[in-house]
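Trainee: Numbering (this note's numbering), first residue to last: 44 to 407.
Take a look at this one; I'll ask things after.
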């Protein structure tokens, strides 16, 4: 029997595009959102047989900014998605702090036990302005208070680090300690040449990365967080199961503009042009821009690339027999301490996590 599917639903709309963001997102009108949601539901219906056959293990609403949708728009989207997908596990909804309201959260509760991914990004007021975010630090704390008051006790915070020398991690660490969220996703800043932030600050260097990361990581460990993936920390029992499915190489259905999916043995991506996406779905076509067969060799490398992101690593029995190249790479990095074997699993050492690309290139 095949495993259940993880389902990702992309909502590409934002009030404005943040100065660092290179994701597929843009501003919208009410009319454009309505048309998009109607077409998104039609795309979901094209997968009805697959959803019925496989079932849904997790559901993730990402973007963009799903939380900017009005309650009326969310009611429409949820009523259709939950009727057709019938998720049996974790449901995650991305929210910006300025969108967290009692009425919106109560609407979510009507449809299930939602996990909230809150786009905090920083507790430095000046950095939030530099990023072009729509919220301030006070709004993050207000959002958290609202979540707590309505018993949303499973929420994750996004944190960006290694921005400039001027800002250390102290305010972020103090805020995390005060809030004590169930989960944290921590990302080093990536500058994209096409985005405004690249013109405002210099490319962060390795010393800055190490300074901020070592301090943040050490503080999270001391607070009792478990690092379970290269950039993810969780309190006991609060791992992000939807993303775990990605890293374990599981099948997932990506719906919406520019969404990616993997249904063994094919990886696909949807149209990134909104008009092309809409027109293809309207005539009953899957809006695929690419569909690639993943060979055994490619899948093999993905097992290393994704599985080694996890602290628990990969079961050795899943790796044997090793190819000569894989054995050489494995022996090399076991010897230099970047890889280790623990409880019959191959995993990265603490140092290896910081040099993961250096390790993976030898398995290519």
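Glycine included, each C-beta is placed from N, C-alpha and C at the ideal position.
Keeping to the same chain, check which residues put their C-beta closer than 7 Å to that of residue 358; ignore five residues upstream and five downstream.
Mentor: Indexing the chain shown from 1 puts residue 358 at position 315. 387 and 388, listed in sequence order.
Trainee: Would you mind reading off the limits of the beta strand (DSSP E) that contains residue 303?
Mentor: Here residue 303 is taken as the residue at index 260 of the chain shown, counted from 1. That run of the beta strand (DSSP E) goes 303-306.
Trainee: Give every residue of the same chain whose Cβ lies closer than 7 Å to the Cβ of residue 293, excluding the five residues on either side of it in the sequence, and list them in chain order.
Mentor: Here residue 293 refers to the residue found at position 250 when the chain shown is read from its first residue. Closer than 7 Å at the Cβ level, and outside the excluded window around residue 293, lie 46 and 49.
Trainee: Nearest-angstrom Cα distance between residue 154 and residue 184?
Mentor: Residue mapping note: residue 154 aligns to position 111 of the chain shown, counting from 1. Residue mapping note: residue 184 aligns to position 141 of the chain shown, counting from 1. Cα to Cα, residue 154 sits roughly 25 Å from residue 184.
Trainee: Could you give the uninterrupted runs of the beta strand (DSSP E) lying entirely in the stretch 286-361, keeping only those of 3 residues or more?
Mentor: 295-298, 303-306, 309-313 and 331-336
Trainee: Identify the continuous beta strand (DSSP E) that holds residue 382 and give its terminal residues.
Mentor: In the chain shown, the residue the question calls residue 382 occupies position 339. Where residue 382 is concerned, the enclosing beta strand (DSSP E) stretches over 382-385.
Trainee: What separation, rounded to the nearest whole angstrom, lies between the Cα atoms of residue 224 and residue 274?
Mentor: What you label residue 224 is simply residue 181 of the chain shown in a count that begins at 1. What you label residue 274 is simply residue 231 of the chain shown in a count that begins at 1. About 15 Å.
Trainee: Looking only at its own chain, which residues have a Cβ that is under 8 Å from the Cβ of residue 402, when we skip the five neighbours before and after it?
Mentor: Within the chain shown, the letter at position 359 stands for residue 402. Taken in chain order, the residues that qualify are 351, 372, 376, 381, 382, 391 and 395.
Trainee: Please state whether the Cβ-Cβ distance between residue 206 and residue 171 is less than 8 Å.
Mentor: Here residue 206 corresponds to residue number 163 of the chain shown, with the count starting at 1. Here residue 171 corresponds to residue number 128 of the chain shown, with the count starting at 1. No, Cβ-Cβ distance for residue 206 and residue 171 is not below 8 Å.
Trainee: Which residues in the same chain have their Cβ closer than 6 Å to the Cβ of residue 213, if we skip the five residues on either side of it in sequence?
Mentor: One-based indexing of the chain shown puts residue 213 at position 170. Contacts found: none.
Trainee: If we count Cβ pairs, one from each stretch, closer than 8 Å, do we get three or more for the stretch 129-148 versus the stretch 185-204?
Mentor: Pairwise C-beta distances place the stretch 129-148 in contact with the stretch 185-204, as three or more of them are shorter than 8 Å.
Trainee: Would you tell me roughly how many angstroms separate the C-alpha atoms of residue 210 and residue 66, rounded to the nearest one?
Mentor: Sequence index remark: in the chain shown, residue 210 carries index 167 (1-based). Sequence index remark: in the chain shown, residue 66 carries index 23 (1-based). Roughly 25 Å separates the two Cα atoms.
Trainee: CA-CA distance, residue 179 and residue 169?
Mentor: Taking the first residue of the chain shown as 1, we reach residue 179 at position 136. Taking the first residue of the chain shown as 1, we reach residue 169 at position 126. When rounded, the distance between both Cα atoms is 9 Å.
Trainee: On a CA-only basis, which of 99, 133 and 303 is nearest residue 127? Give me that one, please.
Mentor: As a working note, residue 127 is residue 84 in the chain shown. Checking every option, the nearest Cα to that of residue 127 belongs to 99.
Trainee: Please classify residue 122: does DSSP put it in a helix, a strand, or coil?
Mentor: For the purposes of this step, residue 122 is identified with residue 79 of the chain shown, where counting begins at 1. Correct three-state label for residue 122: helix.
Trainee: Are residue 198 and residue 244 close, meaning C-beta to C-beta below 8 Å?
Mentor: Position 155 of the chain shown holds residue 198. Position 201 of the chain shown holds residue 244. It is not a contact, given that the beta carbons lie outside the stated cut-off.
Trainee: Below 8 Å on the Cβ atoms is my contact criterion, and I expect residue 110 with residue 137 to pass it. Report the Cβ-Cβ distance as a whole number of Å.
Mentor: Working through the chain shown from its first residue, we reach residue 110 at position 67. Working through the chain shown from its first residue, we reach residue 137 at position 94. Indeed they touch by this definition, with Cβ atoms about 7 Å apart.
Trainee: Does the beta-carbon of residue 89, which I'm using as the reference point, lie nearer than 7 Å to any heavy atom of the ligand GTP?
Mentor: Absent from the structure shown: the ligand GTP. Ligands present: none.
Trainee: Under 8 Å Cβ to Cβ from residue 82, same chain only, skipping five residues before and after it: list those, please.
Mentor: As a first step, residue 82 is located in the chain shown; it is residue number 39 there, counting from the start. These residues qualify, in order along the chain: 320, 321, 324 and 325.
Trainee: Spell out a yes or no on whether the stretch 335-346 and the stretch 301-314 are touching, meaning 3 or more CB-CB pairs, one atom from each, closer than 8 Å.
Mentor: yes
Trainee: In whole angstroms, what separates the C-alpha of residue 152 from that of residue 235?
Mentor: By 1-based counting over the chain shown, the position of residue 152 is 109. By 1-based counting over the chain shown, the position of residue 235 is 192. Roughly 37 Å between the two C-alpha positions.
Trainee: Have a look at the DSSP bridge pairing and note the partners of residue 106.
Mentor: Here residue 106 corresponds to residue number 63 of the chain shown, with the count starting at 1. DSSP lists 54 as partners of residue 106.
Trainee: Helix, strand or coil: which one does DSSP assign to residue 226?
Mentor: Numbered from 1 along the chain shown, position 183 holds the residue referred to as residue 226. Residue 226: strand per DSSP, three-state reduction.
Trainee: Going by DSSP, what residue range makes up the beta strand (DSSP E) through residue 270?
Mentor: For the purposes of this step, residue 270 is identified with residue 227 of the chain shown, where counting begins at 1. 269-272 is the extent of the beta strand (DSSP E) around residue 270.
Trainee: In three-state terms, what does DSSP make of residue 176?
Mentor: Here residue 176 is taken as the residue at index 133 of the chain shown, counted from 1. Residue 176: coil per DSSP, three-state reduction.
Trainee: Cα separation between residue 247 and residue 228?
Mentor: Indexing the chain shown from 1 puts residue 247 at position 204. Indexing the chain shown from 1 puts residue 228 at position 185. In a straight line, the C-alpha of residue 247 is about 19 Å away from that of residue 228.
Trainee: Could you please give me the residues that DSSP links to residue 99 through a beta bridge?
Mentor: Numbered from 1 along the chain shown, position 56 holds the residue referred to as residue 99. 48.
Trainee: Taking the alpha helix (DSSP H) that residue 396 falls in, what are its first and last residues?
Mentor: As a first step, residue 396 must be located in the chain shown, where it is residue number 353. From DSSP, the alpha helix (DSSP H) with residue 396 extends over 393-397.
Trainee: For the putative contact between residue 261 and residue 278, defined by C-beta atoms under 8 Å, what is the C-beta separation to the nearest angstrom?
Mentor: If you number the chain shown from 1, residue 261 lands on position 218. If you number the chain shown from 1, residue 278 lands on position 235. Not quite, the Cβ-Cβ distance comes to about 17 Å (not below 8 Å), so this is no contact.
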